[in-house]
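Sequential numbering from 1 applies to the sequence shown in full-length UniProt numbering. Heads up, the thing below is written out as structure tokens.
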Amino acid sequence: NNTARHYLPVPVIISVIDSMVYSKLNVLHWHIVDEQSFPLEIPSYPKLSNGAYSYSEKYTINDAIHIVQYAEKRGVNVLAEIDVPGHAGSWGVGYPSLWPSATCQQPLDVSNDFTFKVIDGILSDFSKVFKFKFVHLGGDEVDTSCWTTTPRIKSWLVQHGMNESDAYRYFVLKAQKIAISHGYEIINWEETFNNFGDKLDRKTVVHNWLGGGVAEKVVSAGLRCIVSNQDKWYLDHLDATWEGFYMNEPLTNIYNPEQQKLILGGEVCMWGEHIDASDIQQTIWPRAAAAAAPIT
Numbered sequence: 001n002n003t004a005r006h007y008l009p010v011p012v013i014i015s016v017i018d019s020m021v022y023s024k025l026n027v028l029h030w031h032i033v034d035e036q037s038f039p040l041e042i043p044s045y046p047k048l049s050n051g052a053y054s055y056s057e058k059y060t061i062n063d064a065i066h067i068v069q070y071a072e073k074r075g076v077n078v079l080a081e082i083d084v085p086g087h088a089g090s091w092g093v094g095y096p097s098l099w100p101s102a103t104c105q106q107p108l109d110v111s112n113d114f115t116f117k118v119i120d121g122i123l124s125d126f127s128k129v130f131k132f133k134f135v136h137l138g139g140d141e142v143d144t145s146c147w148t149t150t151p152r153i154k155s156w157l158v159q160h161g162m163n164e165s166d167a168y169r170y171f172v173l174k175a176q177k178i179a180i181s182h183g184y185e186i187i188n189w190e191e192t193f194n195n196f197g198d199k200l201d202r203k204t205v206v207h208n209w210l211g212g213g214v215a216e217k218v219v220s221a222g223l224r225c226i227v228s229n230q231d232k233w234y235l236d237h238l239d240a241t242w243e244g245f246y247m248n249e250p251l252t253n254i255y256n257p258e259q260q261k262l263i264l265g266g267e268v269c270m271w272g273e274h275i276d277a278s279d280i281q282q283t284i285w286p287r288a289a290a291a292a293a294p295i296t
């Protein structure tokens with residue numbers, strides 16, 4: 001569920017949970033915020049939700065608690081995601097110092113201690129609501145050019161002997177430590193593994209989305225993996241057929257039983273650029289059920 005591109009009212013999310021139960025899907029991955037909007041109220045940093053589309057298109061903490069508890073009663077865990085440091089332009093609407101600059105708004109400012117205080121506040125609030133043992137910290141599609149074109153951040157990089165790649169790694173690992181301090185195990189998108197897999201916390205779960213061959217590398221490195229290869233399991237690819245969803249095999253080329261255990265499961269992804277409350281259910285189903293049949 002991606003609620004940053006198009007706001008989804010709470011009853012719509014509840015209806016998705018109901019339909020997941022019929023297919024025995026047991027994790028709702030809630031990609032709550034993105035560059036377009038920040039719809040969840042965060043008590044520690046209340047201005048973050050200034051980045052919502054409108055006052056009425058927000059989730060209160062009580063909304064989130066209701067969704068989590070409703071899901072739990074039906075055997076569904078809610079996995080919350082804050083995608084950092086990219087996909088976070090909406091954060092600066094309420095706190096502009098999180099932007100590298102007013103004209104270059106993402107990724108989040110790696111040089112600013114306040115950035116990590118905000119992440120800490122969000123995850124502290126999350127830990128009171130989202131009781132699933134995992135939290136998703138994103139880390140995908142990070143364009144670091146704003147870090148080098150903003151003089152203040154460029155000088156910070158030089159001062160710390162970092163290039164853009166070093167700073168990306170520094171950011172992800174620092175966010176991981178914050179999440180661990182709140183009792184979470186971490187999931188990150190595969191770019192983190194592809195760029196600095198040997199530096200990731202050993203409890204990291206790598207979320208594969210870009211394509212084939214990555215899952216086998218992840219488990220060979222002894223890390224856990226979730227498979228969501230976009231060529232087969234992205235629901236926003238409207239031309240993808242149910243047969244393709246059904247036939248997709250998360251364990252492709254993974255024959256060692258110990259490594260197979262490191263594949264935690266598969267996930268179909270419903271990204272929200274082109275869907276809203278009016279058509280989300282008919283876009284998810286029946287293809288998500290086809291994916292669920294072999295893996296549940």
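Think of the CB as a built atom: it goes at the ideal place given N, C-alpha and C, for glycine as much as any other residue. Keep in mind that this is a model prediction, so the values were computed, not measured.
Sub-9 Å separation of Ala288 and Ser23 beta-carbons:
Taking a C-beta distance under 9 Å as the contact criterion, Ala288 and Ser23 qualify as a contact pair.
Restricting to Cα atoms, I'd like to know which of Glu273, Thr241, Gly86 and Gly222 is closest to Ser258.
Inspection of the sequence shows that residue 258 is occupied by Glu rather than by Ser. Closest option to Glu258, Cα to Cα, is Gly222.
Simplified DSSP assignment, three categories, for Arg287:
In the displayed model, Arg287 falls within a helix according to three-state DSSP.
Ordered along the chain, which non-local residues of its own chain (more than five positions away) have a Cβ less than 6 Å from that of Tyr184?
Once the five neighbours on either side are set aside, the close Cβ partners of Tyr184 are Val135.
Helix, strand or coil: which one does DSSP assign to Asn188?
In this structure, DSSP gives Asn188 an extended state, which the three-state scheme calls strand.
Specify whether the segment 82-90 and the segment 99-115 touch according to this definition: at least 3 beta carbon pairs, one from each stretch, less than 8 Å apart.
The answer is yes - the segment 99-115 touches the segment 82-90, with three or more Cβ pairs under 8 Å.
On the DSSP bridge assignment, give the partners of Trp30 in chain order.
Within the DSSP secondary-structure output, Trp30 pairs in a beta bridge with Ala80.
Counted within 10 angstroms of its Cβ, other Cβ atoms place Lys141 as buried (16 or more) or exposed:
As written in the sequence, residue 141 is Glu, which differs from the Lys given in the question. Flag for Glu141 reads exposed.
For the alpha helix (DSSP H) that Val16 lies in, which residues bound it at each end?
Its alpha helix (DSSP H) spans residues Val10 to Tyr22.
List the whole-angstrom C-beta distance separating Ser292 from Trp242, where the pair is believed to meet the contact cut-off of C-beta under 8 Å.
The displayed chain sequence assigns Ala, not Ser, to residue 292. Ala292 to Trp242, Cβ: 11 Å. No contact.
Between the alpha carbons of Val219 and Tyr246, how many angstroms are there, rounded?
For the pair Val219 and Tyr246, the Cα-to-Cα distance works out to about 23 Å.
Specify whether the segment 191-200 and the segment 163-172 touch according to this definition: at least 3 beta carbon pairs, one from each stretch, less than 8 Å apart.
With a cut-off of 8 Å, the segment 163-172 and the segment 191-200 count as touching, because enough Cβ pairs lie within range.
Note down, in chain order, each residue of its chain lying with its Cβ closer than 7 Å to the Cβ of Val12, except the 5 sequence neighbours on either side.
Beyond the five residues adjoining it in sequence on each side, Val12 comes within less than 7 Å, by CB distance, of Ala277 and Ile280 in the same chain, given in chain order.
Assign Phe134 to one of three DSSP states: helix, strand, or coil.
In the structure shown, Phe134 sits in a strand (DSSP, three-state: E or B).
With DSSP collapsed to three states, give me the class of Gly197.
In this structure, Gly197 counts as helix in the three-state DSSP scheme.
Just verifying my parser: in three-state terms, what is the DSSP assignment at Asn2?
Strand.
Three or more C-beta pairs under 8 Å: does that hold for the segment 25-32 against the segment 76-85?
For the pair of segments examined, the segment 25-32 was found to touch the segment 76-85: the number of CB pairs separated by less than 8 Å reaches three.
Spatial distance of Glu190 from Asp63 (CA atoms):
Pairing Glu190 with Asp63, the inter-Cα distance amounts to about 30 Å.
Taking the Cβ atom as the reference point for each residue, do Thr3 and Gly272 lie within a distance shorter than 9 Å?
Cβ atoms of Thr3 and Gly272: closer than 9 Å.
If we count the other Cβ atoms within 10 Å of its Cβ and call it buried at 16 or more, is Ala215 buried or exposed?
Residue burial annotation: Ala215 is buried, with at least 16 other C-beta atoms found within 10 angstroms of its C-beta.
In whole angstroms, what separates the C-alpha of Ser37 from that of Thr296?
For the pair Ser37 and Thr296, the Cα-to-Cα distance works out to about 33 Å.
Contact between the segment 89-104 and the segment 45-57 (3+ Cβ pairs under 8 Å):
In short, these stretches touch, since the Cβ pair count reaches three.
Quick test of your reading: Ile122 and Ile42, contact by CB under 8 Å. State the CB separation rounded to the nearest angstrom.
Between Ile122 and Ile42 a beta carbon distance of about 5 Å is seen, short of the 8 Å cut, so the two are scored as contacting.
Please classify Ser165: is it buried, with 16 or more other beta-carbons within 10 angstroms of its beta-carbon, or exposed?
With fewer than 16 Cβ atoms within 10 Å of its Cβ, Ser165 is classed as exposed.
Return the first residue and the last residue of the alpha helix (DSSP H) that Asn62 is part of.
Counted as a single uninterrupted DSSP element, the alpha helix (DSSP H) harbouring Asn62 occupies residues Ile61 to Lys73.
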